[in-house]
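Take the sequence shown: its position 250, counting from 1, is numbered 250 in the working numbering, and each next residue is one higher. Scroll down for the structure; my scribbles are underneath it.
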Amino acid sequence: HVAATAAGNVSVELAGQDGMELRRYNGIASGAKLAVIDMFDERTGQNVVLSPPQDMKSYFSLTSDGPTFSALFSSSWDIGDNHYGIRARTTDEFLFSRKDVIAVFSAGNNGEDGFRTIKAPAIAKNGITVGSSLNEHFTFAQAYDTSATPLRNGAAAMRIFGNVSTVASGSLAYVSVAEFGKRGFSSQLNASIVVGSPLNGCSAFVNAGAIAGKFVLVERGDCLFSQKAIQATSANAAGLIVIDTSATEGRARVMGLGTMSGQMFEELYAFSIPALLGMALKEACHTGEVYAFYPVTSPLFNKGLVSSFSSKGPSEEGRIKPDVVAPGEYVTSARSGSTECTVGSSLLSDAGTSMSAPVVAGTAALVRQFFKRGYYRPHGSSAAESVFEPPAALVKAVLIASAVPLSFVVAPTSSSTLAALSATGAGWIDRHNSVQYLSKSALPSM
1 HVAATAAGNV
11 SVELAGQDGM
21 ELRRYNGIAS
31 GAKLAVIDMF
41 DERTGQNVVL
51 SPPQDMKSYF
61 SLTSDGPTFS
71 ALFSSSWDIG
81 DNHYGIRART
91 TDEFLFSRKD
101 VIAVFSAGNN
111 GEDGFRTIKA
121 PAIAKNGITV
131 GSSLNEHFTF
141 AQAYDTSATP
151 LRNGAAAMRI
161 FGNVSTVASG
171 SLAYVSVAEF
181 GKRGFSSQLN
191 ASIVVGSPLN
201 GCSAFVNAGA
211 IAGKFVLVER
221 GDCLFSQKAI
231 QATSANAAGL
241 IVIDTSATEG
251 RARVMGLGTM
261 SGQMFEELYA
271 FSIPALLGMA
281 LKEACHTGEV
291 YAFYPVTSPL
301 FNKGLVSSFS
311 SKGPSEEGRI
321 KPDVVAPGEY
331 VTSARSGSTE
341 CTVGSSLLSD
351 AGTSMSAPVV
361 AGTAALVRQF
371 FKRGYYRPHG
381 SSAAESVFEP
391 PAALVKAVLI
401 ASAVPLSFVV
411 APTSSSTLAA
421 LSATGAGWID
431 RHNSVQYLSK
441 SALPSM
């Protein structure tokens, strides 16, 4: 997932509709070469033991020396505590001695514990520490407690809110996170939920009349998500809820519906829920009437906001960390372990600063390439005269200088204020901003 975010490139051999849809999710530095370091020690049940070395010089030396020379490291992990210990110190020592090596670290996902929550090695001075911002879509997580009018006996309701995932007849059913595309809400959402027939949603709904203006519940599989979206749109559904039969538990996820014959589905609210919640929701629909509720939130949630989970600085020594933030809630990229090449089986939307770090790593690779190919010509010099190997400090400086300052909301009722540097660093990274910043500064004087 994170490797594809940085450098993923769908094979030209994958043709047709699936290939077109998957290429929308190519990596930032699409096609860049990767060297992989395995730090996993063992697996115990669902737990994986991470065993990075104490002396980070040995970690970097694995691929920064010899024929596999890597000038850029993307590390989506942290370990230990927020003290400047041996891992942070040896990281700084190595990067100081190897000025050609760029190291990008995820800030961590402990932001809800407050300030000074960035751990090693991300707390190191010479690396680039990356926090998470919301993606361009509208994401909802633990922001509102929207109470519904008490329902009559035998009815269930569904609120898109919080982290509770229980459904029972006569009670409220909750979905933890839901995303509804770029449109947001102009008025309060209040729509019934109807089980689709057929349940896979791959052909015209027999109960289309009952679906109009409501959310239709379908199961994953048998056809592309875009095909399900076409059937939901044809039935004039307000939204699409997909039961992810491949995930027993977990959170609700943003849905990437793709395209079909050039048709986009931005007007269709869509999200997926894990199988256990889906089965319970299906049962609740058969027991009584089920609703989806959500308040008006579009003014408060956008890509200018820091994710609530993103770890915050400053360091114990007062250093500004993170250095920058990048989209990390949610990022759609490759799904590991898949043996198929369909859109549904090959993509995964996930959240965390682990998703943000490779966005910045890919951008750093493009900035480095900009200098190496001689595109930076501040005095009108030729490309051949302008080629040079940029030091890591220069690449980091370009990213920081081209970052866009963020504003964030502390509480739903407060006004938007300039985000604290301890949450955002210099601001939000976008690869186009970074390259355009260099292009403008490189224009020859007239």
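Backbone N, C-alpha and C fix where the C-beta goes; we use that ideal spot for every residue, glycine too. Just so it is clear, the structure is predicted and the values come from calculations on it, not from any experiment.
Check, Outcome
"Grab me the residues of T245's own chain with a C-beta within less than 8 Å of its C-beta, minus the 5 sequence neighbours each way, in chain order.", "E219, R220, G221, A275 and G278"
"Can you have a look at V206 and say buried or exposed, based on whether 16 or more other CB atoms are within 10 angstroms of its CB?", "exposed"
"For A6, name the three-state secondary structure that DSSP assigns.", "helix"
"Are the CB atoms of V324 and A204 within a distance shorter than 7 Å?", "no"
"Taking contact to mean 3 or more Cβ pairs, one atom from each stretch, closer than 8 Å, check whether the stretch 19 to 34 and the stretch 83 to 91 are in contact.", "no"
"Reducing DSSP to helix, strand and coil, say where E93 ends up.", "helix"
"Apart from the five residues on each side of it in sequence, which residues of its chain come closer than 8 Å, Cβ to Cβ, to V435?", "L366, V367 and F370"
"Would you call the stretch 91 to 98 and the stretch 371 to 380 touching, i.e. three or more CB-CB distances under 8 Å?", "no"
"I need the straight-line Cα distance from C285 to S197, nearest angstrom please.", "13 Å"
"Pull up the distance between the alpha-carbon of E389 and that of L348, whole angstroms please.", "35 Å"
"Taking P358 as part of the alpha helix (DSSP H), name the residues at either end of that continuous run.", "T353 to K372"
"Here's a check: name, in chain order, each residue in its chain whose Cβ is nearer than 8 Å to the Cβ of V2, leaving out the five neighbours to either side.", "S74, S76, S333, S354, M355, A357 and P358"
"Just to confirm, is the Cβ distance from P322 to A103 under 7 Å?", "no"
"Roughly how many whole angstroms lie between the Cα atoms of T248 and L199?", "18 Å"
"Pop quiz: N135 and V331 are said to be a contact at Cβ under 8 Å. What is the actual Cβ separation, rounded to whole angstroms?", "7 Å"
"So, is K33 buried or exposed, given that buried needs 16 or more other C-beta atoms within 10 angstroms?", "exposed"
"Ordered along the chain, which non-local residues of its own chain (more than five positions away) have a Cβ less than 6 Å from that of S422?", "F115, K312, G313 and P314"
"Considering A393, what are the terminal residues of the beta strand (DSSP E) in which it resides?", "No beta strand (DSSP E) holds A393; the alpha helix (DSSP H) holding it covers A392 to S402."
"Please determine, among N126, R319 and V306, the residue with the shortest C-alpha to C-alpha distance to P327.", "V306"
"If you draw a straight line from the C-alpha of T424 to the C-alpha of A210, how long is it?", "46 Å"
"What separation, rounded to the nearest whole angstrom, lies between the Cα atoms of D55 and K125?", "16 Å"
"Roughly how many angstroms separate the alpha carbons of A351 and N110, rounded to a whole number?", "13 Å"
"Where do the N-terminal and C-terminal ends of the alpha helix (DSSP H) with Y59 fall, by residue?", "M56 to S64"
"Expressed to the nearest angstrom, what Euclidean distance is found between the alpha-carbon atoms of F215 and I243?", "13 Å"
"In the DSSP assignment, what residue or residues form a beta bridge with G239?", "F215 and Y269"
"Do you know whose CA, among S272, L217 and F105, lies nearest K282's CA?", "L217"
"F309 to G380, Cα distance in whole Å?", "45 Å"
"Using alpha carbons as the reference points, say which of I241, Q227 and C223 lies closest to S192.", "I241"
"Going by beta carbon distance, what residues of the same chain come within less than 7 Å of T363, once the five residues before and after it are set aside?", "I28, L399, I429, R431 and S434"
"Could you pull the DSSP bridge partners for V101 from this structure?", "DSSP, once it has assigned bridges, lists no residue as partnering V101."
"Name the two residues that bound the continuous alpha helix (DSSP H) containing A232.", "F225 to S234"
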